[in-house]
Amino acid sequence: MAPPAQSQRSPSPSQPSGKSEVTDLKTQLRQLAGSRAPGVDDSKRELFKKVISYMTIGIDVSSLFGEMVMCSATSDIVLKKMCYLYVGNYAKGNPELALLTINFLQRDCKDEDPMIRGLALRSLSSLRVENLVEYLVGPLGSGLKDNNSYVRMVAVMGVLKLYHISAATCVDADFPATLKHLMLHDPDTQVVANCLSALQEIWSSEASTSEEASREKETLISKPVIFYLLNRIKEFSEWAQCLLLELVAKYVPADSNEIFDIMNLLEDRLQHANGAVVLATIKVFLQLTLSMADVHQEVYERIKAPLLTLVSSGSPEQSYAVLSHLHLLVLRAPYIFSSDYKHFYCQYNEPSYVKKLKLEMLTAVANETNTYEIVTELCEYAANVDIPIARESIRAVGKIALQQYDVNAIVDRLLQFLEMEKDYVTAEALVLVKDLLRKYPQWSHDCIAVVGNISSKNVQEPKAKAALIWMLGEYSQDMNDAPYILEGLTENWDDEHSAEVRLHLLTAVMKCFFKRPPETQKALGAALAAGLADFHQDVHDRALFYYRLLQYNVSIAERVVNPPKQPVSVFADTHSSEIKDRIFDEFNSLSVVYQKPSYMFTDKEHRGPFEFSDELGNLSIGAEATNDVVRANRVEANDQDLLLSTSEKEESRGASNNGSAYSAPLYDASSVSAAASQAQSDSLISNLEVAGPQASFAIDDLLGLGLPAAPAPPPLKLNSRAVLDPATFQQKWRQLPISVSQEHSLNPQGVAALTAPQALLRHMQSHSIQCIASGGQSPNFKFFFFAQKAEESSIYLVECKINTSSAKAQITIKVDDQNTSQEFSTLFLSALSKFGFP
Amino acid sequence: MISQLFVLSQRGDSIVFRDYRGEVPKATAEIFFRKVKFWKEDEEGEAPPVFNVDGVNYFHVKVAGLLFVATTRVNISPSLVLEFLQRNARVIKDYLGVLNEESLRKNFVLVYELLDEMIDFGYVQTTSTEVLKSFVFNEPIMIDAACLPSLGPASIFVGYILTSEIDGTIQMKSYLTGNPEIRLALNEELSIGRGGRSIHDYGSSSGAGTLILDNCNFHESVHLDSFDIDRTLALVAPDGEFSVMNYRMTQEFRPPFRINALIEEVGSKKAEVFIKVHAEFSSSVTANTILIEMPLPTYTSRVSFELEPGAVGNTADFKESSKRLVWGLKKIVGGSDHVLCAKLTLSQETHGNITKEAGPVSMSFTIPMYNASRLQVKYLQIVKKSSTSNPYRWVRYVTQSNSYVARL
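Those protein sequence lines, which keep their order, are chains A and B. The opening residue of the first sequence carries number 1 in the UniProt record's numbering; numbering runs sequentially from there. The opening residue of the second sequence carries number 1 in the UniProt record's numbering; numbering runs sequentially from there.
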């Protein structure tokens, strides 16, 4: 092909703004536009290529729109395609000029060659110009009826594009109904798949305003549709199979026979080489068997081998996506994977994002039988040249130590880390030894002997320094030099940049003072003086507080600052179990990779098609704490039930609902979490916190507020077998106004009985008030209840937030029938106030 | 659904950029590249294949030095997008023959043609090379059919074998006209799944003939109707390159190399390293492009090497910046031994145990015509031969190292 003439006089090819190049192109396109000379198409091709390459690197070539359109009158298909690409890119910004293209596109939509028809229709529907949609309806209508499947395929996506440009035009032309018909009757599976994609988008977005669309959306996951698609699944492309499987995962089978039918039908999908197909299948299996504990466990066993194969075949990126899911399953049911720990050993050439996941998995599966091997392996990584991974490995050893009963061997290894004399190893190990001592104080003797040999000058990282200082304060009676080391650190107060370290230093000096007053007095004076002069508010306040405490009474100060401690039995988990459940419900999505539920990283409208649980989730987002640290000890009992933790809630949502995956709402845990994180570093604060609830009870009792008399139940009668599916609940909750909103005090018996949401749930059920969603950990619980008036369709919806430490319930009621709202509210409160009494 | 798809060069230039839905900002390519480039400095380690910046999710795979990227705001299946990106690269390679920055730049219009057909409005339509053929106007030239299983063992040694695994794949490259049915016969004494037994139970491996795969999966074109009876796979091979079967085995196998490595102090601020490699395979086979690496103590200042006399294509180097010893050998003939001796000058006294400051030794290699897994393609049959052509076919075995490490 001849190089374009322009290239010789191109002034500066390196100039990226390309203004003069664009002007040049414009001139040349004009010259060629009318030409019929032989070889003109070749010259045009070269010019078009240039235009497209500028477009690709981001140079604005929209000013060529007119010339490009003029040149497009050609039968050369390569030119046509480049022109379509260009027009699609710039039409939106040039609606008037886009009109110029309509003619030739419409003509091409009637071409003999189905490929030209398809291409033209695709380009026509990609213009994204609202006032041109009238030209689109006709060609789309004929496209959907075209006898060539390629054209129909394109037309179906065209309908979806039209919907995004002008929803009303799309709905008025009755396109959704046509798509539904095609979905159930077209012989071509890609046409069917496209109909499904388009309808999911259209009906999900229409459902918020139209009852009919909402019903149509439900029919997509009805038995006839699901089984029609499932029976043909092998004819679909692997990508379309993923789409179908995603849909099947939302289906709620009527009975266990149906569940087994579906699983048998999909069994061989687990052998597919495409990881996306396998993960989508696994999601179906896991969702279907949630309420069948034994089968659910079998599913875990069944999916192990295919997942491990996928992890080790394919590119690191592909295996990362699979490994993230395996990671989720391992953390959920570590005992099922505990004999597979060798699969989680790191390979030296793996990227660090893979190694990090593997380290967490090794930590999770460690148990009595494999801990020795796992810790030995981790110690190899600790000496690794890859420093971030070495650090992670040491942390992993520490975590294993904290979750084991027999830590003998591990403590030795940790202490060896301290002797390795690598700064980062020492730093990580110090933090771990500190945590270890908080859980196993009996090891203090061995640990302190080693820690005492570490020079504080070799410890620079704030976290490690804080840990060392904490130990100096806590064990000052066992460490001869403690007062003098602390004194040295106090002298360098101004050089210490981390406020965390200075806070620890204040507390440690105090503790040391109580144990060895004469030796520490000097350091204490210096520390308090420096603290009072500190520019950091927290440090200043703490110094002032200590100073006044000491002034008031030294022995009380000791009780506050250095009380006897209970060993920590379980350290706070980083994620609450609601969050974990929520992530599990969103299996095979980004939530798993990010280890966050979708509402934490995605706007509502982008959480994926068919996200029925959005609303329930959203209701609570306002109160959602971003701080995930929650009080220690609280999830101890959860380990056995992690695997099936959603199943119990599943049962409570009523047998007949065919709604979506269930998601528990979440609620505010920030008040405790703040306390919990503080408690880790400072005994003082946690002590005060513990006193809190008791104090408030006492005051409530004194004032006689704690025990409101139970009002007599009014004559309102409720249907004891009321049923409501989550989708309807959400819709009603959104539509109805608030009838009652009030705060209500709980009696102490109720507070005491509310150890887990299930307790209240069963109690309310006995009063014909059903729970549709619940969640929470002490002291914050949140419930969504509903009830139905006996022999009437009128529904009552309740949001109930309970804080057990303040003994308050925040209640919001929405009702169909406003006349009975007060009666219902009284009935609800009466039921609630009986909670906790036998 | 996918919102945009683009391919970036190593320097971050967009070579192709396709916006399917107009939902995310145009500047994503720059945002993405900056994030990946500075990931190391900001957050330690390599950027993961999926991350989120300001509500936009970025997915990427690296192929042939190019970055294939997709963006979306939707909470989509990460596996779907990453599998697709990988396949997308594969399809482009099928068309261009060679996939690299240059071939991509030269053919970017063709690549746009492919991208337009593979995805419509963010939904994957097809990734089949032959379906796409009718939409691409630069007709690719395809002539031969080839089949090359390549097998990668991964092993870690600590004097004894700590863990070893073979991840294998039967890779097929086919350009047969008319897409006839192909039959592939594997070892008959092949069994799949290790029912009940612990996966790493080496002691009690069954009779020498039996080949046990822990698990395997298949390309969607493969029919397994007669697989249970005679271990034959039937498939209508799509055009281009693809994996017929991936498998994983932890059954005991003899690793192709044995490595002995030693580091010891010899006087003040001096140490010596010995590495010996023994090739365990038969002398009719030759391994090539062997690279052996070993991290040395960080306070190593100088290293001098003693290579074997008369060694050809044998190089040794000390990488100052990463404090690594790198030993390269062009060829190793089966049954032979090779030794490297290195003298280290240290800038300080050791802390006592120099073994803890160095290693592990890692090794990479390729062994053509060697089959570590013993999984064989007994025959490859084209069921209906076209009358006009008599296609070429050949089967090739390759063993490649994946993660081959010897600890000190």
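Glycine is no exception: its CB is placed at the ideal position from the N, C-alpha and C atoms. Model, not experiment: these values are computed from the prediction.
If the cut-off is 7 Å on Cβ atoms, which residues from the region 357-378 of chain A count as contacting chain B, listed in chain order?
none
Given a limit of 9 Å on CB to CB distance, which residues of the region 256-281 of chain A reach chain B?
268, 270, 271, 272, 273, 274, 275, 276, 277, 278, 279 and 280
Within 10 angstroms of its Cβ, does residue 596 of chain A collect 16 or more other Cβ (buried), or is it exposed?
buried
Test item: CB-CB of residue 90 of chain B and residue 241 of chain B under 8 Å:
For residue 90 of chain B and residue 241 of chain B, yes; Cβs fall inside 8 Å.
Interface flag, residue 41 of chain A vs chain C, CB-CB below 8 Å
No chain C appears in this structure, whose protein chains are A and B.
Looking at the secondary structure, which residues open and close the beta strand (DSSP E) in which residue 514 of chain A lies?
Annotation for residue 514 of chain A: no beta strand (DSSP E) segment contains it, though the alpha helix (DSSP H) segment containing it runs 499-515.
How many angstroms separate the CA atom of residue 733 of chain A from the CA atom of residue 319 of chain A?
42 Å
Note down, in chain order, each residue of its chain lying with its Cβ closer than 7 Å to the Cβ of residue 31 of chain B, except the 5 sequence neighbours on either side.
Hits under 7 Å: 53.
Contact with chain A by residue 410 of chain B, beta-carbon distance below 8 Å
Absent from the model: residue 410 of chain B. The displayed extent of chain B is 1 to 408, so no value can be given.
At a CB distance below 8 Å, what residues from the region 109-143 of chain B approach chain A? Give them in sequence order.
109, 112, 113, 116, 120, 121, 123, 124, 125, 126, 127, 128, 134, 135 and 137
Got a sec: is the Cβ-Cβ distance from residue 159 of chain A to anything in chain B below 8 Å?
no
When you compare each of A:772, A:314 and A:741 to residue 728 of chain A by their alpha carbons, which one comes out closest?
A:772
Inter-residue spacing [alpha-carbon to alpha-carbon] between residue 89 of chain A and residue 127 of chain A
Their Cα atoms are separated by approximately 8 Å.
Whose C-beta lies closer than 7 Å to the C-beta of residue 705 of chain A among residues of the same chain, with five residues either side of it excluded?
Here residue 705 of chain A scores only 38 on pLDDT, less than 50, and its place in the model should not be relied on; the value that follows carries that caveat. Once the five neighbours on either side are set aside, the close Cβ partners of residue 705 of chain A are 745.
Starting from residue 264 of chain B, follow its DSSP beta bridges and name the residues at the other end.
B:272, per the DSSP bridge assignment.
Could you tell me whether the Cβ of residue 50 of chain A comes closer than 8 Å to any Cβ of chain B?
no
Which of helix, strand or coil does DSSP assign to residue 42 of chain A?
helix
What does residue 169 of chain B reach in chain A if we use C-beta pairs closer than 7 Å?
313
Am I right that residue 284 of chain A and residue 310 of chain A are in contact with their C-beta atoms under 8 Å? What's the rounded C-beta distance?
The Cβ separation is near 17 Å, so there is no contact.
If the cut-off is 9 Å on Cβ atoms, which residues from the region 237-251 of chain B count as contacting chain A, listed in chain order?
242, 243, 244, 245, 246, 247, 248 and 250
Between the region 315-332 of chain A and chain B, which residues of the former have CB atoms less than 9 Å from a CB of the latter, in chain order?
315, 316, 317, 318, 320, 321, 322, 324 and 325
So which residues on chain B does residue 414 of chain A lean against when the C-beta distance must stay under 7 Å?
Near residue 414 of chain A there are no residues of chain B at all, since even the closest Cβ is about 15 Å away, more than 7 Å.
Test: residue 530 of chain A CB closer than 8 Å to a CB of chain B:
It does not; no Cβ of chain B falls within 8 Å.
Using only the alpha-carbon positions, how far apart do residue 10 of chain B and residue 55 of chain A sit?
20 Å
Can you tell me which of B:219, B:179 and B:341 puts its alpha carbon nearest to the alpha carbon of residue 309 of chain B?
B:341
Using the rule of at least 16 other Cβ atoms within 10 Å of the residue's Cβ for burial, across every protein chain shown, is residue 174 of chain A buried or exposed?
exposed
For residue 269 of chain A and residue 579 of chain A, I'd like the C-alpha separation in whole angstroms.
Straight-line measurement puts the Cα of residue 579 of chain A at about 29 Å from the Cα of residue 269 of chain A.
Cutoff 8 Å: residue 82 of chain B Cβ touching any chain A Cβ
yes
For chain A, find out if any of its Cβ atoms is closer than 8 Å to the Cβ of residue 22 of chain B; answer yes or no.
yes
Residue 471 of chain A by DSSP, collapsed to three states: which one?
Helix at residue 471 of chain A.
Assess contact between the region 378-390 of chain A and the region 416-424 of chain A, defined as three or more Cβ pairs (one per stretch) separated by less than 8 Å. Is contact present?
yes
Once the 5 residues before and after residue 338 of chain B are set aside, which same chain residues still bring their CB inside 6 Å of it?
277
Identity of the residue in A:117, A:521 and A:51 nearest residue 23 of chain A by Cα:
A:51
Shorter than 8 Å from the beta carbon of residue 53 of chain B to some beta carbon of chain A?
No, residue 53 of chain B does not count as interfacial toward chain A.
If the criterion is Cβ atoms closer than 8 Å, does the pair residue 471 of chain A and residue 515 of chain A meet it?
The answer is no: Cβ separation not under 8 Å.
Is it true that the CB of residue 760 of chain A sits closer than 8 Å to the CB of residue 835 of chain A?
yes
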